[in-house]
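J.:
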Amino acid sequence: MTTSEIREIPLVEPGAGPYGITAGPDGALWLTLVHAGAIARLGVDGTVRTCPLEPAGGRPLIITAGPDDALWFTRSGDDRIGHLSVDGEQSMIALPAGTGPGGIAAGADGALWYAGMTSDTIGRVDTDGTVTVFPLPVTGGFASMITAGADQALWFTLHQANAIGRIDFDGRTTLHPLPTANAGPVGITLGADGAVWFVEIAAGQLGRIAPDGEIVEFPLPNRAARPHAIVADPAGGAWFTEWGANRIGHLDPTGRIEGYDLLTPNAEPHGIARTADGVWAALEIGAVAHLPRPT
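With our numbering applied, the sequence shown corresponds to residues 204 to 498, in that order.
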């Protein structure tokens with residue numbers, strides 16, 4: 204394991220809790236501050252701007268760029284979807300009570316799709332604010348994270364149901380049980396190869412599911428690493444955060460796994476994103492880790 208290439212950029216006070224991270228349409232990085240109830244922007248010049256949520260609180264979790272050149276994020280604590288322009292203008296969309304939105308992703312249909320963690324639902328939000336809710340064929344599955352697939356559908360993790368789900372634009376759902384029992388899938392992303400990659404936080408593994416549903420699992424060298432979030436590597440494979448091991452990990456197309464230790468002990472890495480400048484991870488201690496890599 205190595206730390207030589209990593210740098211950590213202070214972002215906010217330690218209690219703010221950077222959690223989700225995404226590249227914005229303006230070239231900046233945008234992060235949710237789960238404990239502070241705010242969104243942070245890290246510009247390409249290193250400047251930091253924070254936008255407190257309106258209304259306050261909300262436990263923002265995951266953030267993504269939408270089809271309208273704005274940022275969309277889940278408010279897990281008060282059942283809302285947030286919308287934020289790059290200029291800082293906010294609006295909120297109310298979801299059914301008890302939804303508990305977690306992951307959010309832009310679909311190929313021009314809408315935003317979210318995972319209802321505490322409601323056994325997947326939801327669709329048009330950019331005009333129209334919400335459509337699709338019940339899942341499972342009880343207590345804890346739909347966690349979601350990503351657009353390469354097949355005109357959305358793929359999502361069911362943390363407690365130990366499965367990967369697929370939902371098409373009409374709401375038809377298919378569930379794919381994982382080979383490993385009690386694996387606890389969380390983060391999920393579309394890979395460069397057209398398959399979907401995910402992490403198994405409880406099993407210490409990565410997984411790959413092909414469009415036909417075939418699943419392959421990749422055990423990590425440290426099965427207690429608790430992988431949390433994952434993003435595709437354009438060259439194949441994936442980058443991921445190891446919350447329990449304080450690392451950023453990489454799986455290359457041959458199946459070789461490398462780890463990059465963070466500089467600060469117990470930094471609590473969560474969300475991860477990739478840009479032309481490298482790999483970025485949100486650290487709950489109040490910083491962002493940057494690992495420069497070639498494109």
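Even for Gly, the Cβ is constructed at its ideal location relative to N, Cα and C.
Please classify Ala-386 as buried or exposed, where buried requires at least 16 other C-beta atoms within 10 Å of its C-beta.
T.: buried
J.: Per DSSP, what are the beta-bridge partners of Gly-326 in this structure?
T.: Tyr-317, Val-336
J.: Over the uninterrupted beta strand (DSSP E) stretch that includes Arg-262, give me the two end residues.
T.: Looking at the DSSP string, Arg-262 is not in any beta strand (DSSP E), and its letter there is neither H nor E.
J.: Looking at Ala-241 and Ala-219, is the spacing between their C-beta atoms short of 8 Å?
T.: Their beta carbons are under 8 Å apart, which means Ala-219 touches Ala-241 by this criterion.
J.: Residues in the same chain with beta-carbon distance under 8 Å from Pro-340, minus the five sequence neighbours each way, listed in chain order, please.
T.: Thr-376, Leu-378
J.: Would you mind reading off the limits of the beta strand (DSSP E) that contains Ile-307?
T.: 304-309
J.: Give me the Cβ distance between Thr-335 and Gly-326, rounded to the nearest whole Å; I'm assuming they're in contact under 8 Å.
T.: 7 Å
J.: Measure the alpha-carbon distance for Glu-211 versus Gly-452 and round it to whole angstroms.
T.: 16 Å
J.: Does DSSP put Ala-219 in a helix, in a strand, or in coil?
T.: If DSSP states are grouped into helix, strand and coil, Ala-219 belongs with the helices.
J.: With three or more C-beta pairs closer than 8 Å as the rule, is the segment 428-435 touching the segment 412-420?
T.: no
J.: Suppose you measure from the CA of Gln-355 to the CA of Ala-311; what does that come to, to the nearest Å?
T.: So the two alpha carbons sit approximately 6 Å from each other.
J.: On a Cα-Cα basis, can you pick out the residue from Ile-488, Pro-456, Gly-440 that is closest to Leu-466?
T.: Ile-488
J.: Near Gly-230, which residues of its chain fall below 7 Å by C-beta distance, leaving aside the five closest residues on each side in sequence?
T.: Val-247
J.: Between Thr-330 and Asp-271, which are expected to be in contact by the criterion C-beta below 8 Å, what is the C-beta distance as a whole number of angstroms?
T.: 5 Å
J.: Just the Cα atoms here: how many angstroms apart are Asn-365 and Thr-457?
T.: 26 Å
J.: Would you report the Cα separation of Leu-454 and Ser-347, rounded to the nearest angstrom?
T.: As the crow flies, the alpha-carbon of Leu-454 is around 22 Å from that of Ser-347.
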